[in-house]
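First residue of the sequence shown? That's 1289 in the numbering used here, and the numbers climb one at a time after it.
Take a look at the structure below.
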Amino acid sequence: MEPRRAAEFLSRPALSDGTHRAYLRDPATISRRSFALIRAEAGLGRFPRALRPLAMRLAHAAGDTAILNDLAWSPGAVSAGQRALAAGAPVLVDASMVAAGITRERLPAASKVICTLPYAVAPHGTTRSAAAVELWRPQLAGAVVAIGNAPTALFRLLEIIAEGAAKPALVLGYPVGFVGAAEAKRALADFGHGLAYITLHGRRGGSALAAAAVNALASMR
1289 MEPRRAAEFL
1299 SRPALSDGTH
1309 RAYLRDPATI
1319 SRRSFALIRA
1329 EAGLGRFPRA
1339 LRPLAMRLAH
1349 AAGDTAILND
1359 LAWSPGAVSA
1369 GQRALAAGAP
1379 VLVDASMVAA
1389 GITRERLPAA
1399 SKVICTLPYA
1409 VAPHGTTRSA
1419 AAVELWRPQL
1429 AGAVVAIGNA
1439 PTALFRLLEI
1449 IAEGAAKPAL
1459 VLGYPVGFVG
1469 AAEAKRALAD
1479 FGHGLAYITL
1489 HGRRGGSALA
1499 AAAVNALASM
1509 R
């Protein structure tokens, strides 16, 4: 739309009685009110204190506090992720949308966000997302992994760790979908081997949640 026409459109009354619709414009006020509503609705007392800021960020990203009913984590997961980021560990992501949602300014300068999907070639019978996990091996030890798209990426990550690959410091597991997402996240929670994780059981997830989890950890340093 041309600037002149856009200005005319925005100047028109928004309601049938000729008045304009009032709405919040100040970003600081919007943020304060959003998190106040989350605190009022989410029942954060059921979560360890260290996990609460991350839980709030997930609810904020989803626009839904009900997702927190499916939140699952291993003991000490938040502190494991914080220590890794403070040490400059890389953040390995399964999709460019996860990478795009991470606020780089919150990460230490040494922490790089790495998405190998554009460089992956999938052999017959598997996905590019799973193939991309193979390219994580050199950076995997002590990394923070954030999966917000492909269940096959999470399944493959667990497979290569079981096969002897280095363990990341923390897995943020939020693959989304009707096929494999719930199963992959259940496999993560059941994996053991001292693997720290934070996940959301069921089909829900997505890149915004994975990025929000990384941003929360980076903000809690």
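C-beta atoms are modelled at their ideal positions from N, C-alpha and C, and glycine is treated no differently.
In this text, all values refer to a predicted model and were calculated from it rather than measured experimentally.
{"Check": "Those runs of the beta strand (DSSP E) which lie wholly inside the stretch 1342 to 1367 and span at least 3 residues", "Outcome": "1359 to 1361"}
{"Check": "contact_flag[the stretch 1350 to 1357, the stretch 1397 to 1413] where n(CB pairs < 8 Å) is 3 or more", "Outcome": "no"}
{"Check": "Neighbour flag for R1345 against chain C, beta carbons, 8 Å", "Outcome": "No chain C appears in this structure, which consists of one protein chain only."}
{"Check": "Identity of the residue in P1406, M1344, S1384 nearest L1423 by Cα", "Outcome": "P1406"}
{"Check": "Whole-Å CB distance - L1359 paired with A1343, under 8 Å assumed", "Outcome": "6 Å"}
{"Check": "Best match in L1395, T1414, A1418, R1394 for proximity to T1238 [C-alpha to C-alpha]", "Outcome": "The question about residue 1238 has no answer here: the residues shown for the chain are numbered 1289 through 1509."}
{"Check": "DSSP three-state assignment for L1458, whether helix, strand or coil", "Outcome": "strand"}
{"Check": "Endpoints, the alpha helix (DSSP H) within which A1450 is located", "Outcome": "1439 to 1450"}
{"Check": "Residues near I1486 by beta carbon distance below 6 Å, same chain, minus five either side", "Outcome": "W1361, A1365, L1460"}
{"Check": "C-alpha distance - P1396 paired with S1322, whole-angstrom precision", "Outcome": "27 Å"}
{"Check": "Exposure label - A1498; buried when at least 16 CB within 10 Å", "Outcome": "buried"}
{"Check": "Option nearest S1399 by Cα separation, candidates L1476, V1381, F1479, R1309", "Outcome": "V1381"}
{"Check": "Beta-carbon separation (whole angstroms), L1373 vs V1432, contact threshold 8 Å", "Outcome": "6 Å"}
{"Check": "Cβ neighbour criterion (16 or more within 10 Å) applied to F1466", "Outcome": "exposed"}
{"Check": "Nonlocal neighbours in the same chain, by C-beta distance under 7 Å from M1508, ignoring five residues either side", "Outcome": "P1341, Q1370"}
{"Check": "With 16 other Cβ atoms within 10 Å as the buried cut-off, status of T1440", "Outcome": "buried"}
{"Check": "Proximity to A1496 [Cα-Cα], best of L1483, P1463, L1476", "Outcome": "P1463"}
{"Check": "Residue span of the beta strand (DSSP E) that contains L1488, given as start and end", "Outcome": "1485 to 1488"}
{"Check": "Alpha carbon of A1453 to alpha carbon of R1425, nearest angstrom", "Outcome": "7 Å"}
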